[in-house]
Amino acid sequence: MRKKLSKDFYLRPDVLVIARDLLGKVLVTESAGIRCAGRIVETEAYNGEADKASHAWGGRRTSRTEVMYATGGVAYVYLCYGIHHLFNVVTNSRDIPHAVLIRALEPLEGLDLMLKRTGKNKVDESLTRGPGNAAKAMGITTAMTGTSLLGRTVYIADDGYRPAATDITAGPRIGVDYAGADALLPYRFYIKGHPNLSGSKSTNNLS
DNA sequence: ATGCCGATGTCCT
DNA sequence: GGACATCGGCATC
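Just so you know, my numbering puts 125 at position 125 of the first sequence, and the rest follows in order with no gaps.
In structure tokens form, the structure reads like this:
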């Protein structure tokens, strides 16, 4: 039984708490009556204007990033390296550009459609590992940016699953070396040892 | 197991 | 023109 997360979940002021709470929740998309779902196993928090790794660093506003300043509970999807569509959840109040990047999923439902979208012929760990792959499998594109997460096409739900607190780990974000000291902040959250995690063994604290 | 490379839209200098 | 919240393939250790 899945219960869609309410607006209040996204309006909370601490994006780090939200990024952590999203671990174990279920991301759902629906298109042409077919549903796909995946459990969130890796996230990254982007902490607003003060965070040098964020697209909203220094209060930058462009047509691409404008949606980060919207009231929490909408999608921010942007094109990375001109190829990959990356899915983020916008949080906090209007004009506070907090967001959480969904970096990896455990596939749960709609596997046939995920395979079709990604052009793969079998389900393996790579199907939803990493933000580009996860969005592709779920059918998420930049066309969805600004979409409410309280609707039907894309949302996040709680099915009662709770990761063990001892399995939740925080570490530095991936691919943000340009952000100087902010690159070292432990803003990446993940379920320790999960097979769908992005990053290397060392970044996942596995020897 | 690790490292380099190319693909390429949006933003910045 | 260059950098970038990435990925898969191929080369090399």
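C-beta: ideal position from N, C-alpha, C; glycine also.
Worksheet item: Going by Cα to Cα distance, which pick from Leu111, Gly132, Pro131, Val41 is closest to Asp124?
Response: Comparing Cα-Cα distances from Asp124 to each of Leu111, Gly132, Pro131, Val41, the minimum goes to Leu111.
Item to complete: Tell me, please, which residues DSSP counts as bridged to Asp167.
Response: Looking at the DSSP assignment, Asp167 forms no beta bridge with any residue, so it has no partner.
Discussion item. On the criterion of 16 or more Cβ atoms from any shown chain inside 10 Å, does Ser54 qualify as buried, or is it exposed?
Written reply: Residue burial annotation: Ser54 is buried, with at least 16 other C-beta atoms found within 10 angstroms of its C-beta.
Worksheet item: Using a Cβ-Cβ cut-off of 8 Å (strictly less than) and excluding sequence neighbours within five positions of Gly193, which residues of its own chain qualify?
Response: In chain order, Asp167, Asn204, Leu206 place their CB closer than 8 Å to the CB of Gly193, counting only its own chain and leaving out the 5 sequence neighbours on each side.
Discussion item. For Thr147, which residues in the same chain have their Cβ closer than 8 Å to its Cβ, ignoring the five residues on either side in sequence?
Written reply: Counting only Cβ-Cβ distances below 8 Å, and skipping sequence neighbours, we find Val74, Ala75, Thr153, Val154.
Discussion item. Let me make sure I understand the geometry here. Which of Met68, Asp51, Val17 has the alpha-carbon closest to that of Ala179?
Written reply: Asp51 is the residue among Met68, Asp51, Val17 whose C-alpha sits nearest the C-alpha of Ala179.
Worksheet item: Roughly how many angstroms separate the alpha carbons of Gly33 and Asn47, rounded to a whole number?
Response: The alpha-carbon separation between Gly33 and Asn47 amounts to approximately 35 Å.
Worksheet item: When DSSP builds the beta bridges, which residues end up paired with His55?
Response: The partner list for His55 (beta bridge, DSSP) is empty, contrary to what the question assumes.
Worksheet item: So is Thr141 buried or exposed if we call it buried at 16+ other beta carbons inside 10 Å?
Response: Burial is judged here by how many other beta carbons sit within 10 angstroms of a residue's own beta carbon; Thr141 has fewer than 16 and is exposed.
Worksheet entry | Start and end residues, alpha helix (DSSP H) containing Arg20 | Note, Arg20: alpha helix (DSSP H), 15-21.
Worksheet entry | Top-ranked residue by Cα proximity to Lys4, from Arg173, Leu150, Leu127, Leu105 | Out of Arg173, Leu150, Leu127, Leu105, Leu150 has the C-alpha closest to the C-alpha of Lys4.
Discussion item. Which same chain residues end up closer than 7 Å to Met184 when comparing Cβ atoms and leaving out the 5 residues on each side of it in sequence?
Written reply: In the sequence on display, residue 184 carries Leu and not Met. In chain order, Pro172 place their CB closer than 7 Å to the CB of Leu184, counting only its own chain and leaving out the 5 sequence neighbours on each side.
Worksheet item: Whose C-alpha, out of Ile156, Tyr190, Leu16, Ala164, is nearest the C-alpha of Cys36?
Response: The shortest C-alpha separation from Cys36 is found at Ile156.
Worksheet item: Between the beta-carbon of Arg188 and the beta-carbon of Ile174, is there less than 8 Å?
Response: Cβ atoms of Arg188 and Ile174: closer than 8 Å.
Worksheet item: Thr118 lies in the alpha helix (DSSP H); which residues open and close that run?
Response: Run containing Thr118: 111-118, per the alpha helix (DSSP H) assignment.
Discussion item. Would Arg39 and Ala70 be called neighbours here (beta carbons separated by less than 8 Å)?
Written reply: Between Arg39 and Ala70, the gap from beta carbon to beta carbon reaches 8 Å or more.
Worksheet entry | Limits of the beta strand (DSSP E) - the one that Asp8 falls within | For Asp8, no beta strand (DSSP E) run applies; the uninterrupted alpha helix (DSSP H) run containing it begins and ends at 7-11, by DSSP.
Worksheet entry | Beta-ladder partner(s) of Tyr78, from DSSP | For Tyr78, which the question treats as bridged, DSSP gives the partners Leu86.
Worksheet entry | Endpoints, alpha helix (DSSP H) assigned at Ala37 | Membership of Ala37 in any alpha helix (DSSP H) is not indicated; the residue belongs instead to the beta strand (DSSP E) covering 34-47.
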